[in-house]
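Trainee: The sequence shown begins at 1 in this note's numbering and counts up by one. C-beta atoms are modelled at their ideal positions from N, C-alpha and C, and glycine is treated no differently.
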Amino acid sequence: MAARKVLTRLSQPHLLGIEPLSSEDIELILSTAQKYQTRTAGETRTVPRLDLLAGKTLVLAFFEPSTRTRISFEMAAQRLGMDVVSLGLEASSVQKGESLLDTIKTLAAMRPDALVIRHQGSGVPHFLARHTEVPILNAGDGMHEHPTQALLDALTIRDHKGRLDGLKVAILGDILHSRVARSNFHLLSRFGARIALGGPPPLVPKEFERLAPGIIACRSLEEALEGADVVMMLRVQLERQREPLFASPAEYARHYCLTAERLALAKSDAIVMHPGPFLRGIDIAGEVADSPRSVIPHQVENGVAVRMALLELLTGAQA
Ligand code: NCD
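Structure below.
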């Protein structure tokens, strides 16, 4: 394979999704994140609070609930010395009828150095990026993309498996409504992983095979799990379903919960991932989530490192 060009700056002014990034951009983000990691291969180290981005300001605008993504961005910014301002949804002018674009233009006029947005509308960050010079970071747009999640997932897989190329990654559960799944399709496929989808048939559309090379929509959860190196569970996104597909959460769990018995179908050294929030006993059994095979806490840790890398790269610290 021809040697890849090594970038020192991103080719994009914003982080809108994985799809618009080049493979070199992705490599640059992951290698930059490595220097901010607090734990690699079992070794723990303390990351000192840096002042690399001191004097810069990050604005967070979350129009949907979030725990880990929002706090992770906030911690990433603070660890680099940035000031963080959050738009409180309930108290914002959007509630008074101001359009989203006008609200964002108002925030941009105060000259923050970057703006993180999560919104229920697919494509909202892309639309806003056309109207502002401020770097926009997509923290999840509707059912479209969640690029920082896929980047932290890739970093975590590499930490444990040393590579992405040639791995079988089973992505299981509610694929249809998942922006995490879509961002992972683009990233994992680009780096040569095989992606096996499994879950309730209405939530695992066959057409998804066309979204990126290497995706197979399996007939069952068990088929997708067979011989997997990585098992990525997703939450059932009831808030995005118009009509309930299951009689009860217990009914869903009976067929689709990742139990120790089902996990035994994957390779014996397979790792278990979940972007969170995870529903214990519904999408993942407590004993699996708490087992040494679960790298969920490591994903969360890597989330801060990846977001520090993106803030460094997008706010021009390297310019
Ligand atoms: C996900 C999201 O909001 O897209 N969570 C996250 O950001 N880690 C997945 C979910 O809500 O199930």
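Give the range of the alpha helix (DSSP H) segment to which S189 is assigned.
Mentor: Element bounds for S189: R179 to R190.
Trainee: Cutting at 7 Å between CB atoms, please list the residues of its own chain near A212, excluding the five before and the five after it.
Mentor: F185, H186 and S189, listed in sequence order.
Trainee: Verify the contact flag: R280, CB atom, against every heavy atom of the ligand NCD, threshold strictly below 7 Å.
Mentor: Outside the cutoff, so no.
Trainee: Less than 6 Å between C-beta atoms, sequence neighbours within five positions excluded: which residues of the same chain meet that for L58?
Mentor: Cβ within range, chain order: A77, M82, V84 and A114.
Trainee: Using a Cβ-based criterion (distance less than 7 Å to any ligand heavy atom), does S11 qualify as near the ligand NCD?
Mentor: No; taking the cut-off as 7 Å, the Cβ of S11 has no heavy atom of the ligand NCD nearer than that.
Trainee: In the structure shown, what three-state DSSP assignment does A228 receive?
Mentor: In this structure, A228 counts as coil in the three-state DSSP scheme.
Trainee: Just the Cα atoms here: how many angstroms apart are P147 and S183?
Mentor: In a straight line, the C-alpha of P147 is about 6 Å away from that of S183.
Trainee: Do you know whose CA, among P297, T132, A285 and S66, lies nearest Y325's CA?
Mentor: The shown model of the chain, from 1 to 319, leaves out residue 325, and the question about it has no answer.
Trainee: Quick check: S86 and V304, are their CB atoms within less than 8 Å of each other?
Mentor: Taking 8 Å as the Cβ cut-off, S86 and V304 do not qualify as a contacting pair.
Trainee: Is Q149 near the ligand NCD, judged by its Cβ being under 7 Å from some heavy atom?
Mentor: Correct: Q149 has its Cβ closer than 7 Å to the ligand NCD.
Trainee: Between the segment 193-209 and the segment 116-123, are three or more C-beta pairs nearer than 8 Å?
Mentor: No, the segment 193-209 does not touch the segment 116-123.
Trainee: State the start and end residues of the unbroken alpha helix (DSSP H) segment that holds S99.
Mentor: Unbroken run through S99: none, as it is neither H nor E.
Trainee: Given a cut-off of 8 Å, decide if A253 and A170 are closer than it, judged by their beta-carbon atoms.
Mentor: Cβ atoms of A170 and A253: not closer than 8 Å.
Trainee: So, using beta-carbon positions, are L15 and L310 closer together than 8 Å?
Mentor: Yes, these two residues count as a Cβ contact at 8 Å.
Trainee: Looking only at its own chain, which residues have a Cβ that is under 6 Å from the Cβ of P275, when we skip the five neighbours before and after it?
Mentor: The residues are Q149 and V180.
Trainee: For M1, name the three-state secondary structure that DSSP assigns.
Mentor: With a pLDDT of only 46 at M1, under 50, the local geometry of the prediction cannot be trusted, and no value is derived from it.
Trainee: Just to confirm, are V230 and I175 a CB contact at a threshold of 8 Å?
Mentor: No; because the gap between Cβ atoms is not below 8 Å, this pair is not in contact.
Trainee: I think Q95 touches N302, with their Cβ atoms under 8 Å apart; what is that distance to the nearest whole Å?
Mentor: That belief does not hold up - the Cβ atoms of Q95 and N302 are roughly 35 Å apart, past 8 Å.
Trainee: Do L137 and Q299 have their CB atoms nearer than 8 Å?
Mentor: Not a contact, by the Cβ cut-off of 8 Å.
Trainee: Cα-Cα, which of A108, G227, I117 and T106 is closest to G17?
Mentor: The candidate whose alpha carbon is nearest that of G17 is I117.
Trainee: Between the Cα of I215 and the Cα atoms of A247, G198, T69 and S178, which residue gives the shortest distance?
Mentor: Answer by Cα proximity: G198.
Trainee: Taking the C-alpha atoms as reference points, what is the distance between S277 and P249?
Mentor: Strictly speaking, residue 277 in this sequence is Pro, with Ser absent from that position. C-alpha separation (whole angstroms): 15 Å.
Trainee: Expressed to the nearest angstrom, what Euclidean distance is found between the alpha-carbon atoms of S31 and V204?
Mentor: Approximately 33 Å between the Cα atoms of the pair.
Trainee: Looking at G321 and the ligand NCD, is the gap between the Cβ and the nearest heavy atom below 7 Å?
Mentor: What the structure shows of the chain is the stretch from 1 to 319, and residue 321 is not part of that stretch, so it cannot be assessed.
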